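Enquirer:
Numbering (our numbering), first residue to last: 106 to 430.
1) Residues in its own chain within less than 7 Å of residue 390 by CB, not counting five upstream and five downstream?
2) Could you tell me the alpha carbon to alpha carbon distance between residue 195 and residue 331, rounded to whole angstroms?
3) Considering only residues of the region 232-320, which uninterrupted alpha helix (DSSP H) runs meet the minimum length of 4 residues and lie entirely inside it, listed in chain order?
4) Looking only at its chain, what residues have a beta carbon closer than 6 Å to the beta carbon of residue 165, apart from the 5 residues adjacent to it on each side?
5) Quick check: residue 270 and residue 338, are their CB atoms within less than 9 Å of each other?
6) Leaving out five residues on either side along the sequence, give the residues of the same chain with a beta carbon under 6 Å from the beta carbon of residue 370.
7) Is the distance from the Cβ of residue 260 to the Cβ of residue 215 below 9 Å?
8) Could you pull out every residue in the same chain whose Cβ sits closer than 7 Å to the Cβ of residue 414, ignoring the five residues on either side in sequence?
9) Grouping DSSP H, G and I as helix and E and B as strand, with all else coil, what is residue 429?
10) Assuming the contact rule is C-beta atoms closer than 8 Å, residue 176 and residue 200 should be a hit. Round their C-beta distance to whole Å, please.
11) Near residue 304, which residues of its chain fall below 7 Å by C-beta distance, leaving aside the five closest residues on each side in sequence?
12) Can you give me the C-alpha to C-alpha distance between residue 112 and residue 125, rounded to a whole angstrom?
13) Cutting at 8 Å between CB atoms, please list the residues of its own chain near residue 120, excluding the five before and the five after it.
14) Nearest to residue 384 by alpha carbon, out of 425, 272, 419, 299?
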């Protein structure tokens, strides 16, 4: 039983990876179209100090946005700002500390931002981790679930009123959730979201990415029903050569390196889909979708389960101490 609980998620995850690599072998990476200038607009990008988050922040700033990079590594944040400023981008860029694995830190970040009285037009929930050994956060949550999903769930809810006020019909505020093809391998263990019964890093990661897609769809339904000018997008960057793969087993690491040079996307290529979802004119008002390689794509069957979406939302509210809307 234990062996199956570990092996099945692993095999499902690696099968997803193989399918993505085959696709990337025969298809070019999505090329961004010319995007409209974003002068005067404000964006928050979590995990924006390196990898795809950095490239997303850099590109949004180049369009004239005021970009706030939220991350938990101050030195990396300072270095990211230095590099972006050296490019002479039009927008303003700053780093603000936030640890997504700490509900207290997320609340402090959100309150500090709201105290500034700034609008918020784009929230890119990009930060993530992958395949870490079993580990709990200070709040007692499984690490993948907390960092990839639950911290972003709380942050999004705390900033939702600001997003609603900042958008308008024809120019909606946008929430971009970084998912992954691994969500197709994900299974929501609603009775054991923290994977206490039998831990699998592969299963925990896939579950967290599925949770982000479920959140995207449920939140869009809420925004549409309430008539609020906010749209949500789940994005899939493909397989991208970033530090996320540093937690792979030694053998997998060795096998990955030569493959990555040939078939993996670069961080800039991976970030293109987040940037597209954040500002592309052709996506205006067309939220509640899953984007892959620049196209609206069918996500996993289970991700469209409205009862599961509502159940996850309710449970998430309980876990972070929010009143369910």
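We treat Cβ as the ideally placed atom computed from N, Cα and C, and that holds for glycine.
Bear in mind that the values here come from a model prediction, so they are computed numbers and not experimental data.
Expert: Here's the rundown:
1) 277, 336
2) 35 Å
3) 256-271
4) 148, 172
5) no
6) 134, 343, 345
7) yes
8) 319, 322, 323
9) coil
10) 7 Å
11) 239
12) 20 Å
13) 290
14) 272
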